[in-house]
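Note sheet for the following structure.
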Amino acid sequence: MSSDLVGMRVRLIHMNDPYGLEPGSESTIVHIDDLDTLHVSWDGGSSLGLIPGEDEWETLPPLKT
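One gets the working numbering by counting positions in the sequence shown from 1 and adding 43 to each.
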């Protein structure tokens, strides 16, 4: 997965985790590790990562500053 995604906004569709976040939660990608896990900063304060093939999300347009 490309590090070009760092800084992109994502919206959660489904998280395969019993303690996961609600669909519709939004976050910013802060890091992508060697296993392609997206480390994100959720708007609600959580830091749960997104795992390709396990979790579903969509990318959003960048926040306007």
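Glycine residues also receive a C-beta, built at the ideal position from the N, C-alpha and C atoms.
With respect to the C-alpha of Gly87, the residue from Ile56, Gly67, Asp47 having the closest C-alpha is Gly67. Comparing alpha carbon positions, the residue from Leu78, Glu99, Thr71 closest to Gly63 is Glu99. Taking 9 angstroms as the cut-off, the beta carbon of Val53 is found closer than this to the beta carbon of Ser70.
Judged by DSSP in its simplified three-state form, Leu48 adopts helix. Judged by DSSP secondary structure, Glu99 falls within the beta strand (DSSP E) whose first and last residues are 99-103.
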